[in-house]
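*Asks:* Sequential numbering of the sequence shown, starting at 735, is according to this note's numbering. Backbone N, C-alpha and C fix where the C-beta goes; we use that ideal spot for every residue, glycine too. Below is one structure. I have some questions about it.
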Amino acid sequence: MRADLTGQTVAGYPLERLVASDGYGEFYEARTSAEPIMVKVLRSDLRSDPVMVQAVAQGWQGVHGVTHPNLLAVLGAGVDPQHGAYLLQESLHTRSLRRLVLDGVCLNWRDILEFAIQMASALKALHEAGLTHGDLSPFHILTTFDGEVRIEGAGGVARVARPLAEWMPAQALAYLAPERLRGGESSVAADLYSLGACLYFAIANHDPFSGHNADSVARAVLEQIPAPPKQTRGDVPREGLGVLGLLLEKNPHHRYQTADDLLEHLVALKEGRPLRLMRRSAPVLERPTTEQVAAARGAGAPMPPPQPPSEVRTTAAAAVHSLRVQVEATVPRSEKEKDGDYFYRTGRLVLAKQYWQEAWDSGAVHPGLKLKLTLIQPELKRA
């Protein structure tokens, strides 16, 4: 719901024209005595919620002072008595990544990789300042005519407690991490997921998830995996798809844990170097120590005696070992099976099964592939 504020004044600045809108804000061009600026105001149907107005304004104010070449400069933020939360930003001649793609510009892999490096660098600056973006999407990634990226709108929804799925449009929900849709707080891992969703959009030229309304999009984010973009283009290397898969992991502990880790892989891809293996975070792979369990149960709580491995657990371990041997020993019969092997080795089990199944469905069948599809089922249930 939008009410055009052109001709009105926000924070003392007369708004000259409505430029664009995103999931929760409207962008206006305003002019100072020196040069034009961009004024972003909260969407009209949200301005009646005083708690949201304050949360959005505080989020924007928190970013004021964080400077980086790939962050659109924030000049100020606050609450206007008539029009609610506002954000003052520098005004540049740019196109959003969404507009760029919808206008028919087909970005090649090298361009996308360069954009990704700049986006990750901007997020690194935010994260090192103790902040998060909160709802990064192609609407917020601005591109200049000389190929530079500016990220705008950081912090706006990072402190909003109201469930995002209640008021954000479907296209914006498609770029939020699953845990955010479940009510989780804005985080580094959620920002990196959103960056991955933006990269998917740039590669595939469509949203990672779609639906006929916000609820169906939210369900898709929680339950589905985006279709592999390699089906529509061949210039993205397998390692690039691996980075994308790691960013889009449903479990935040399975993603890159810092923008620095992501940047290391992106720069390696740009320079043609092999990627250093990223380990999953400790809470996912490691069982708690005796001391940690005792502390969780309460000081002085007795520990049960160690239990021998059950037959089920022993059988499961044997199956995992068999699958690993099968992946290492079987010569893939197709590119899809080869991609599945790569995703399995790097820990993306759902993607591994998806590619192996596609290889099978395309007719590249053989006993080794059948065994992989059989053995991965119990491993997926334990993941």
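Can you tell me which of the three DSSP states glutamine 905 falls into?
*Replies:* helix
*Asks:* Quick check on this structure: which residue in Pro1066, Gly1081, Val775 and Leu981 has the alpha carbon closest to the alpha carbon of tryptophan 1090?
*Replies:* Pro1066
*Asks:* Mapping DSSP to helix, strand and coil, what is leucine 834?
*Replies:* Three-state result, leucine 834: helix.
*Asks:* Please report the straight-line C-alpha distance between isoleucine 937 and leucine 975, rounded to a whole angstrom.
*Replies:* Using only the alpha carbons, I get a separation of about 10 Å.
*Asks:* In angstroms, rounded to a whole number, what distance separates the CA positions of proline 804 and alanine 745?
*Replies:* As written in the sequence, residue 804 is asparagine, which differs from the proline given in the question. Near 26 Å, if we compare the C-alpha coordinates of alanine 745 and asparagine 804.
*Asks:* Measuring straight from C-alpha to C-alpha, what distance separates phenylalanine 943 and methionine 786?
*Replies:* 27 Å
*Asks:* Taking all protein chains shown into account, do 16 or more other C-beta atoms lie within 10 angstroms of the C-beta of glutamine 722, making it buried, or fewer, making it exposed?
*Replies:* Nothing can be reported for residue 722: it is not among the residues displayed for the chain, which extend from 735 to 1117.
*Asks:* Who are the Cβ neighbours of alanine 859 in its own chain at under 7 Å, not counting the five residues just before and after it?
*Replies:* Closer than 7 Å at the Cβ level, and outside the excluded window around alanine 859, lie Val800, His802 and Leu805.
*Asks:* Excluding sequence positions up to five away, which residues of its chain have a Cβ less than 8 Å from the Cβ of phenylalanine 764?
*Replies:* Contrary to the premise, residue 764 reads as alanine rather than phenylalanine in this sequence. Excluding its 5 nearest sequence neighbours in each direction, alanine 764 has C-beta neighbours in its own chain below 8 Å: Val744, Tyr747, Pro748, Leu749, Glu750, Pro770, Ile771, Met772 and Val773, listed in chain order.
*Asks:* Would you mind giving the Cβ-Cβ distance between glycine 889 and glycine 759, rounded to the nearest angstrom? I have them listed as a contact below 8 Å.
*Replies:* Between glycine 759 and glycine 889 the Cβ distance is about 12 Å, and since that is not below 8 Å, they are no contact.
*Asks:* Using alpha carbons as the reference points, say which of Leu841, Ser782, Lys1106 and Gly917 lies closest to glutamine 1088.
*Replies:* Comparing Cα positions, the closest option is Lys1106.
*Asks:* Determine the burial state of arginine 1010: buried for a count of at least 16 other Cβ atoms within 10 Å of its Cβ, exposed for fewer.
*Replies:* Around the C-beta of arginine 1010, fewer than 16 other C-beta atoms lie within 10 Å, and the residue is accordingly described as exposed.
*Asks:* Here's the rule I'm using: 16 or more other beta-carbon atoms within 10 Å means buried, otherwise exposed. How should histidine 946 be labelled?
*Replies:* Its Cβ having fewer than 16 others within 10 Å, histidine 946 is exposed.
*Asks:* Just to confirm before moving on: does the CB-CB distance between histidine 827 and valine 775 stay below 8 Å?
*Replies:* Between histidine 827 and valine 775, the gap from beta carbon to beta carbon reaches 8 Å or more.
*Asks:* In whole angstroms, give me the CA-to-CA distance for glutamate 983 and glutamate 973.
*Replies:* 15 Å
*Asks:* Apply the 10 Å Cβ neighbour rule to glutamine 852 and answer buried if 16 or more other Cβ atoms are within range, or exposed otherwise.
*Replies:* buried
*Asks:* Can you list, in chain order, the residues of its chain with a C-beta nearer than 8 Å to that of phenylalanine 761? Leave out the 5 residues immediately preceding and following it.
*Replies:* Result list for phenylalanine 761: Leu752, Val753, Ala754, Ser755, Met772, Val773 and Lys774, in chain order.
*Asks:* Leucine 978: buried (16+ other C-beta within 10 angstroms of its C-beta) or exposed?
*Replies:* buried
*Asks:* Looking only at C-alpha atoms, which of Ala737, Val970 and Leu980 sits nearest to glycine 1006?
*Replies:* It is Val970.
*Asks:* Counting only runs that start and end within the stretch 922-988, where is the alpha helix (DSSP H) found for 4 or more residues in a row?
*Replies:* Fully contained in the stretch 922-988 are the following alpha helix (DSSP H) runs of length 4 or more, in chain order: 922-938, 948-957 and 972-981.
*Asks:* Run through DSSP, which three-state label would arginine 844 get?
*Replies:* Shown here, arginine 844 sits in a helix according to DSSP, grouped into three states.
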